[in-house]
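Asks:
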Amino acid sequence: MSKHKILVTGGAGYIGSHTAILLIEAGYDIIIFDNFSNASKESIKRVETIVNKDIILIEGDIRNRNDLHNVFTHYCIDAVIHFAGLKAVGESVEKPLSYYDNNINGTIVLCEVMAEHNCKSIVFSSSATVYGDPHTTPIKENFPLSATNPYGRSKLFIEEMLHDLYISDSSWKIILLRYFNPVGAHISGTIGEDPNGIPNNLMPFIAQTAVGKLNCLSVFGDDYDTHDGTGVRDYIHVTDLADGHVKALDIIKDIKKVITVNLGTGTGYSVLDMVKAFEKASGKDVPYCIAPRRAGDIAKCFADPSYAKEVLNWEATKGIEEMCQDSWRWQSNNPNGYEG
Ligand code: NAD
Ligand code: UDP
């Protein structure tokens, strides 16, 4: 028997598609809502094959009140998992208004339509970027917040907006999930991260170098105060991250305040640790050269995930080997992503 109907905005994207699988496996009925600005319909087809079930897919934009209104009129939605948004830091500096429109305005319209239809439970995709340059690691949820670019500011502002919404109406149930660095892919190797053009993020860049699409990884800085001088991050397997959303839904109806949770493993790996682990998992070389630091990067960022364990009964289970193996399976089976 199915549990509740969950609207998954941005559900055709990287994290959304992996979460869709776990939600269905956990017995939720889901509706995916996406404008396909950064996703392909093929990802949903492949999710359907994995779960052996048809998925309700609505093509629409969260900034479009009518698109959303139609969904809420047609389906009785219990809760929303809100992934939809733009996420590229560099692009956000070039097109700030587009980021504020998609991310902030989109979330405003979504919450307004939810309230009109008396659906007041939302799980929001926030990011570790809201910690700015943390004074120390591991990072706890109560650390000071700041933003250094429009993308980060959009996440920070949405978090604050959702707090204000709760203050205005405490019947809202709001969970803010701050993701660290999602990597890896579903174990089937049929869905995964499929960035447009040359990847900005480390893991897809390494994977595309290993498969021979790119020649050489530029390691952005080797003079940070870390164990080997290269930047340290908390890489988390996307399936573990997806599971955090299922755990959030499990508790959402019982929460009495806005819950803010780090989703990370608690372990930091450097760029060179990731290169070595990927070479081992793939059996391929990942040529690299040391390049200058990337503007805006910080030395170290990893989570204290203990609150997630306490409040969601969630913890990451997959290590760096599985992250690299699964990423490699996806990349080597789909060198051109969903297009291939
Ligand atoms: P993604 O780009 O793969 O997925 C986002 C999805 O939202 C895409 O399918 C896109 O087509 C859709 N979308 C964008 N704007 C929309 C709009 N206006 N209306 C409807 N659909 C829209 O990104 P992802 O990596 O799966 O990230 C999901 C969420 O998690 C984002 O909000 C992102 O900011 C956040 N996040 C991602 C990371 C990361 O490193 N991947 C880290 C922290 C937080
Ligand atoms: N990085 C790198 N070369 C790349 C991409 C990233 O050396 O081509 C480094 C980056 O400087 C950071 C780490 O890899 O230390 C993770 O970067 P990513 O962009 O994946 O995530 P974020 O910066 O958001 O943590």
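Residue numbers (our numbering): 70 to 409. Yeah, the Cβ is synthetic: ideal placement off N, Cα and C, and Gly gets one too.
Determine the burial state of E390: buried for a count of at least 16 other Cβ atoms within 10 Å of its Cβ, exposed for fewer.
Replies: Flag for E390 reads exposed.
Asks: Could you pull out every residue in the same chain whose Cβ sits closer than 8 Å to the Cβ of F152, ignoring the five residues on either side in sequence?
Replies: Only V77, T78, G79, G80, G82, I84, G85, T88 and S194 meet the Cβ criterion.
Asks: Within this structure, are the beta carbons of S339 and H296 separated by less than 8 Å?
Replies: The answer is yes: Cβ separation under 8 Å.
Asks: Cβ of D323 versus every heavy atom of the ligand UDP: is any distance shorter than 7 Å?
Replies: Not under cutoff, so the answer is no.
Asks: How would you write the range of the beta strand (DSSP E) that N250 sits in, first residue to last?
Replies: Where N250 is concerned, the enclosing beta strand (DSSP E) stretches over N250 to V252.
Asks: Under 8 Å: do the region 314-328 and the region 348-355 share three or more Cβ pairs, one atom per stretch?
Replies: The region 314-328 is not in contact with the region 348-355.
Asks: Among R115, Y169 and D123, which residue has its Cα nearest to the Cα of D98?
Replies: Among R115, Y169 and D123, the Cα nearest to that of D98 belongs to D123.
Asks: From H204 to F141, what does the alpha carbon distance come to, in whole angstroms?
Replies: When rounded, the distance between both Cα atoms is 43 Å.
Asks: Between D291 and the ligand NAD, is there a pair consisting of the residue's CB and a ligand heavy atom that are separated by less than 7 Å?
Replies: Outside the cutoff, so no.
Asks: M183 and I173: beta carbons closer than 8 Å?
Replies: Not in contact: M183 and I173 (Cβ atoms no closer than 8 Å).
Asks: Going by the C-beta, is T78 closer than 7 Å to any heavy atom of the ligand NAD?
Replies: Indeed, a heavy atom of the ligand NAD lies less than 7 Å from the Cβ.
Asks: Run through the DSSP bridge pairs and tell me what N107 is partnered with.
Replies: In the DSSP output, where bridge partners are listed per residue, N107 has none listed.
Asks: Going by the CB atoms, is the gap between G337 and R302 shorter than 8 Å?
Replies: Their beta carbons are under 8 Å apart, which means R302 touches G337 by this criterion.
Asks: Would you mind working out which of I328, G281, E408 and R222 sits nearest D354, comparing C-alpha positions?
Replies: Among I328, G281, E408 and R222, the Cα nearest to that of D354 belongs to G281.
Asks: Distance check for K209 and A372, CA to CA, integer angstroms please.
Replies: Approximately 7 Å, taken between the alpha carbons.
Asks: May I ask you to list the residues that DSSP assigns as paired with L332?
Replies: Answer is Y248.
Asks: Just to check, is the beta-carbon of A265 closer than 7 Å to a non-hydrogen atom of the ligand UDP?
Replies: Sequence inspection shows Asn at residue 265; the Ala mentioned does not correspond to that position. N265: no, Cβ never under 7 Å from the ligand UDP.
Asks: Below 8 Å on the Cβ atoms is my contact criterion, and I expect G333 with A197 to pass it. Report the Cβ-Cβ distance as a whole number of Å.
Replies: The pair is a contact, with the Cβ atoms about 7 Å apart (cut-off 8 Å).
Asks: Is the separation between the beta-carbon of G175 and that of I131 shorter than 8 Å?
Replies: Yes. Within cutoff.
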